[in-house]
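Visitor: Mind having a look at this structure? Questions to follow.
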Amino acid sequence: MVPFGGWDMPLHYGSQLEEHHIVRRDAGMFDVSHMAIIDLSGDRCYAMLQQLLANDVARLKVPGKALYSCMLNEEGGVIDDLIVYLRDEGSYRLVVNAGTAEKDQAWIQRLADTYHIELTRRSDLAMIAVQGPNARQKCQPLLPASQRQAAEALTPFFADDGEWFIAYTGYTGEQGFEIMLPQERVTAFWLALSEAGVRPCGLGARDTLRLEAGMNLYGQDMDESVTPLESGLGWTVAWEPAGRDFIGRKALERQRKKGGLRRFVGIMLTGRGVLRSHQKLFIDDQLIGETTSGGFAPTLEESVALARVDGRIGERCEVEIRGKRVAAKVVKPPFARHGQRCIK
């Protein structure tokens, strides 16, 4: 058990490596109740979210649809990355990171007060992520009977909002559900999943899975000091309609116009060593960036990293590991998803 975002969290349940492989090959479950669930309701919710988020909530056209977005400060820095769900007209659900939950809530509350929006922190709900190629098959019979058929029909980034909130989302690069349910029912659900052959997994496997899948971790790959444009998240910024003045837009436009943006890339070690965060990258004797996340990728059996680098980087570089330069190649993430290696 380790401290994480104000919670005591399991690093692993015996073997981080086995837990990683079980998610890639079968089904694993994560207690992610540390994530903060925030419900918003009111006539002007849509207008508020159009100002709050860099992505465009107009893309949420039907109840249950989900959208990934960054929430920015006025300088374009990332306050947090989150998922927003449309529940029904004038009602939305946000899921934000544990380590930034209090900061996020205060930031959102300030805008909610301006728009006369009701904000409710759903501390009465727990959240379990069930992930892997067999996750849905093993999980579905254990869902409320009234939702099993709807859950079977879900496609990525949609949720069924019934007795439980069942979302086809995840942070592993595998298929599966993220399920929000009443706290008093989560222990029985967890034990039932275990009986069905879904293996408990901890933070260690969650980190290697998301790294292989090329998914950012807040506080490492981006924070308030960098923008989505230099964090591999430019695709989450909706520039149209041009008149939507979301918080941070002017700063992003200035950055884009100025040019010279740093790139967010994948790094694979070709020499011997292990990649970690904050290792310096060089071409010859020129410092061209540093790793943001790194580690051993069990699916590939290689050392990989995400990195923010000079826009002029080519296909090769060197990583400084314990004072020595080690050869590496530059690739486009993800490294692995859906149980398969993505990099040739």
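Residues in the sequence shown are numbered from 63 upward in steps of one, following the working numbering. Where a beta carbon is used, it is the ideal one built from N, C-alpha and C, also for glycine.
(1) Between the alpha carbons of Asp166 and Val157, how many angstroms are there, rounded?
(2) Helix, strand or coil for Lys342, going by three-state DSSP, please let me know.
(3) At the level of alpha carbons, what is the spacing between Ser256 and Gln78?
(4) What is the DSSP secondary structure of Tyr177, counted as helix, strand or coil?
(5) What separation, rounded to the nearest whole angstrom, lies between the Cα atoms of Ile350 and Thr176?
(6) If you draw a straight line from the C-alpha of Ile145 to the C-alpha of Ser131, how long is it?
(7) Quick check on DSSP: helix, strand or coil for Cys201?
(8) Give every residue of the same chain whose Cβ lies closer than 8 Å to the Cβ of Gly357, excluding the five residues on either side of it in the sequence, and list them in chain order.
(9) Which residue or residues does DSSP assign as beta-bridge partners of Val381?
(10) For a minimum of 3 consecutive residues, which ranges assigned as the beta strand (DSSP E) are wholly contained in the stretch 98–141?
(11) List the endpoints of the continuous alpha helix (DSSP H) containing Gln236.
(12) Since Glu214 contacts Ser103 with CB under 8 Å, what's their CB separation in whole angstroms?
(13) The beta strand (DSSP E) that contains Phe251, what's its start and end?
(14) Checking 9 Å against the spacing of the C-beta atoms, do Phe397 and Ala359 come in under that value?
(15) Cβ atoms of Pro72 and Gly264: under 9 Å apart, would you say?
(16) Given Gln209, which residues of its chain have a CB within under 7 Å of its CB, disregarding the five upstream and five downstream residues?
(17) Please list the terminal residues of the continuous beta strand (DSSP E) segment that includes Ala275.
(18) Exposed or buried, which one is Arg378 when buried takes at least 16 other CB atoms within 10 Å?
(19) For Arg316, count neighbouring C-beta atoms within 10 Å of its own C-beta (all shown protein chains included) and say buried if the count is 16 or more, exposed if not.
(20) Taking 9 Å as the cut-off, decide whether the C-beta atoms of Ala300 and Leu134 are in contact.
(21) Return helix, strand or coil for Arg318, following the three-state DSSP convention.
(22) Could you give the DSSP three-state label for Leu156: helix, strand or coil?
(23) Considering just the uninterrupted stretch of the beta strand (DSSP E) at Gln348, what are its terminal residues?
(24) Leaving out five residues before and five after Ser293 in sequence, what residues of the same chain have Cβ atoms less than 7 Å from its Cβ?
(25) Leaving out five residues on either side along the sequence, give the residues of the same chain with a beta carbon under 6 Å from the beta carbon of Ala163.
(26) What's the call for Pro395, buried or exposed, on a 16-neighbour Cβ count within 10 Å?
(27) Give the range of the beta strand (DSSP E) segment to which Glu81 is assigned.
(28) Please list the terminal residues of the continuous alpha helix (DSSP H) segment that includes Ala212.
(29) Helix, strand or coil, according to DSSP, for Asp269 in the structure here?
(30) Output the distance between the C-alpha atoms of Ala304 and Asp118, rounded to the nearest integer angstrom.
Guide: Taking the geometry as given:
(1) 10 Å
(2) strand
(3) 17 Å
(4) Three-state result, Tyr177: helix.
(5) 43 Å
(6) 6 Å
(7) helix
(8) Asp269, Thr270, Leu273, Val336, Leu337, Arg338, Ser365, Val366, Ala367
(9) Leu343, Val388
(10) 98–103, 128–134
(11) A small correction: the amino acid at residue 236 is Glu; Gln does not occupy that position in the sequence shown. No alpha helix (DSSP H) holds Glu236; DSSP gives it neither H nor E.
(12) Cβ-Cβ separation between Glu214 and Ser103: approximately 29 Å, too far for a contact (criterion under 8 Å).
(13) Element bounds for Phe251: not the beta strand (DSSP E) but the alpha helix (DSSP H), 245–257.
(14) yes
(15) yes
(16) Asp222, Gly224, Glu225, Trp226, Ile228
(17) Segment: none, Ala275 is in no beta strand (DSSP E) and carries neither H nor E.
(18) Exposed.
(19) exposed
(20) With respect to Leu134, Ala300 sits apart: the two C-beta atoms are not nearer than 9 Å.
(21) helix
(22) strand
(23) 348–359
(24) Val140, Asn278, Asp283, Met284, Phe326
(25) Ala98
(26) buried
(27) It is not in any beta strand (DSSP E) - Glu81 instead sits in the alpha helix (DSSP H) that spans 78–87.
(28) 210–215
(29) helix
(30) Each residue's CA atom was taken as its position, placing Ala304 and Asp118 some 11 Å apart.
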